[in-house]
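K.L.:
The opening residue of the sequence shown carries number 1 in full-length UniProt numbering; numbering runs sequentially from there. For every residue, glycine included, the Cβ atom is placed at its ideal position computed from N, Cα and C.
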Amino acid sequence: MQVSLFRFDNYLALSPGFLASVQSIWRHPVVGTPMYSVTRKLKALKPVFRQQRRSKGDLAMNVKLAAGFLEIAQNILQLDRHNSLLFLEHCCRIVYLKASKLEQIMLRQRAKLQWLKGGDQCSKIFFRRWPLGGRISGFFRFPMTLVTNKLTPPLLAVFVDFFQGFVGGDRTDRAMDLRYLRPWARHILTDDEARDIIRPVTMDEVKTAFFDIEEDKAPGPDGFSSGFFKAAWPVVGGEVSNAIIDFFKTGRLLKQLNATLLTLIPKVRTPNSVAEFRPISCCNVIYKVITKILVSRIREILELLISPSQNAFVPGRLISDNVLLAQELFSGYNQCRLPPRCALKVDLRKAYDTVEWDFLIATLRMFGFPTIFIRWIEECVTSAHYSVVVNGGCMDSLRGHEVSDKETPCPHTSLFWSWKSFT
Numbered sequence: 001m002q003v004s005l006f007r008f009d010n011y012l013a014l015s016p017g018f019l020a021s022v023q024s025i026w027r028h029p030v031v032g033t034p035m036y037s038v039t040r041k042l043k044a045l046k047p048v049f050r051q052q053r054r055s056k057g058d059l060a061m062n063v064k065l066a067a068g069f070l071e072i073a074q075n076i077l078q079l080d081r082h083n084s085l086l087f088l089e090h091c092c093r094i095v096y097l098k099a100s101k102l103e104q105i106m107l108r109q110r111a112k113l114q115w116l117k118g119g120d121q122c123s124k125i126f127f128r129r130w131p132l133g134g135r136i137s138g139f140f141r142f143p144m145t146l147v148t149n150k151l152t153p154p155l156l157a158v159f160v161d162f163f164q165g166f167v168g169g170d171r172t173d174r175a176m177d178l179r180y181l182r183p184w185a186r187h188i189l190t191d192d193e194a195r196d197i198i199r200p201v202t203m204d205e206v207k208t209a210f211f212d213i214e215e216d217k218a219p220g221p222d223g224f225s226s227g228f229f230k231a232a233w234p235v236v237g238g239e240v241s242n243a244i245i246d247f248f249k250t251g252r253l254l255k256q257l258n259a260t261l262l263t264l265i266p267k268v269r270t271p272n273s274v275a276e277f278r279p280i281s282c283c284n285v286i287y288k289v290i291t292k293i294l295v296s297r298i299r300e301i302l303e304l305l306i307s308p309s310q311n312a313f314v315p316g317r318l319i320s321d322n323v324l325l326a327q328e329l330f331s332g333y334n335q336c337r338l339p340p341r342c343a344l345k346v347d348l349r350k351a352y353d354t355v356e357w358d359f360l361i362a363t364l365r366m367f368g369f370p371t372i373f374i375r376w377i378e379e380c381v382t383s384a385h386y387s388v389v390v391n392g393g394c395m396d397s398l399r400g401h402e403v404s405d406k407e408t409p410c411p412h413t414s415l416f417w418s419w420k421s422f423t
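1) Strictly by DSSP, which residues pair up with Ala259?
2) Since Ser33 contacts Leu178 with CB under 8 Å, what's their CB separation in whole angstroms?
3) Distance check for Lys43 and Gly68, CA to CA, integer angstroms please.
4) Look up Val282 in the DSSP assignment and say whether it is helix, strand or coil.
5) Among Thr371, Asp222, Asp246 and Phe210, which has the Cα closest to the Cα of Trp233?
6) If we define contact as Cβ-Cβ less than 8 Å, is Ser84 a contact residue for chain B?
7) What residue range does the alpha helix (DSSP H) around residue 430 cover?
8) Cβ of Phe373 within 8 Å of Cβ of Ile245?
9) Looking at the secondary structure, which residues open and close the alpha helix (DSSP H) in which Thr33 lies?
10) Which parts of the stretch 38-106 are runs of the alpha helix (DSSP H), unbroken and 4 residues or longer, counting only runs that do not cross its ends?
11) List the whole-angstrom C-beta distance separating Leu189 from Ile301, where the pair is believed to meet the contact cut-off of C-beta under 8 Å.
12) Report, in whole angstroms, the separation of the C-beta atoms of Ile12 and Phe49, which I expect to be a contact under 8 Å.
13) By the three-class DSSP mapping on this structure, what secondary structure does Gly133 have?
14) Quick one: what does DSSP say Pro266 is sitting in, helix, strand or coil?
15) How big is the Cα-Cα spacing for Asn258 and Glu89?
16) How about Ala231 and Phe18: are their beta carbons less than 8 Å apart?
17) Using a threshold of 8 Å, state whether the C-beta atoms of Arg93 and Leu70 are closer than that.
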């Protein structure tokens, strides 16, 4: 039986009793670690918000009804401008504006349009973009030429085997030491730099990371977007911040928080194989905050570690500069009057996911990162649990998160530096 995933709707935060409903659950103590307490309370909030969403009804229908009542009130007002009718028209207008605002928030969250700003009209391009999710879901029911017309265990196994092939596998027990490469390293962390990146995490740092995440970003398996945490921050902020700070103290991350949904986006109009789907990772917001804090620490020293020719991830540098440089180098490359030459194009398929974590950890040690910082990175990338969103297919014992370069720049750049040293 397929169970629908919970998704927090940001428009619920506008309800007058939103904070009260959160407080009614959050005030009950939970025995366990700070992270466990937060996850249990978030789970207890799900039926509350499901009920509130059902009580709102169909938002589109609410807008149509409110618009109809407003039109009737305005037509009557044209015949008789009595004070009571003016007040009725005013009330109908307020109801319509509130219903329209809720629908707009819902549509913006569904469409995931980051460029949509307040005051923009819901034009045709907006409504063409919004149903895309529904059309993509159809691919999951009929993604390939199959004899069945619904998702079957063999089909689920196809997706599981494919992704487990490049993100699955166990870590080895062999010791790897790359410290002999230090003479060729561009920079080794000093004691002051090492102490600075492991300085205690503060409440303000956690809050800043939360409020930097877009409210309309897709949530992780727990279903709560950053919009929920921002709206409920007066109630949940203290305990959630303590849970994140506890990770940086203990170096342990709860499995429920390190769960990830792999959403499959087709690369072509009619995909015929699993390889024609692009996996998009949807992580829990609390995990995103942890990685943002790690990235903020790494960003302070990143420019010292990588080569000037590496233009990605570093403020003030543009990756397009390397593209323009490559075009200049290959201009006229095939002319006969030039001496014989060749060019090798290296394409690292699923580069991040096929990295051996032992090599990643050894590279961080080679750069002189503190042991506790390496432990933070190791816990984030090696303790993940995946669920492929193909009507609920699950994978266990996989490699770490498939995250974008923006979230984890240091492992990528460090590994490419090591590859460059060997060549």
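P.N.:
Once the coordinates are examined:
1) His385
2) Checking the sequence shown, residue 33 turns out to be Thr, not Ser. About 34 Å separates the beta carbon of Thr33 from that of Leu178, a gap too long to meet the 8 Å contact definition.
3) 39 Å
4) The amino acid at residue 282 is misidentified as Val; the sequence shows Cys. The answer is strand: DSSP assigns Cys282 an E or B state.
5) Phe210
6) Included in the structure is just one protein chain, with no chain B present.
7) In this structure the chain extends from 1 to 423, so residue 430 is not present and cannot be described.
8) no
9) Premise fails: Thr33 is in no alpha helix (DSSP H) and is neither H nor E.
10) 59-79
11) 7 Å
12) Sequence check: residue 12 is Leu here, not Ile. That belief holds up - the Cβ atoms of Leu12 and Phe49 are roughly 6 Å apart, short of 8 Å.
13) Caution is warranted here: a pLDDT of 47 is assigned to Gly133, below 50, making its placement in the model unreliable, and the coordinate value is therefore given only provisionally. In this structure, Gly133 counts as helix in the three-state DSSP scheme.
14) Strand at Pro266.
15) Spanning the two alpha carbons is a distance of roughly 51 Å.
16) Yes, these two residues count as a Cβ contact at 8 Å.
17) yes
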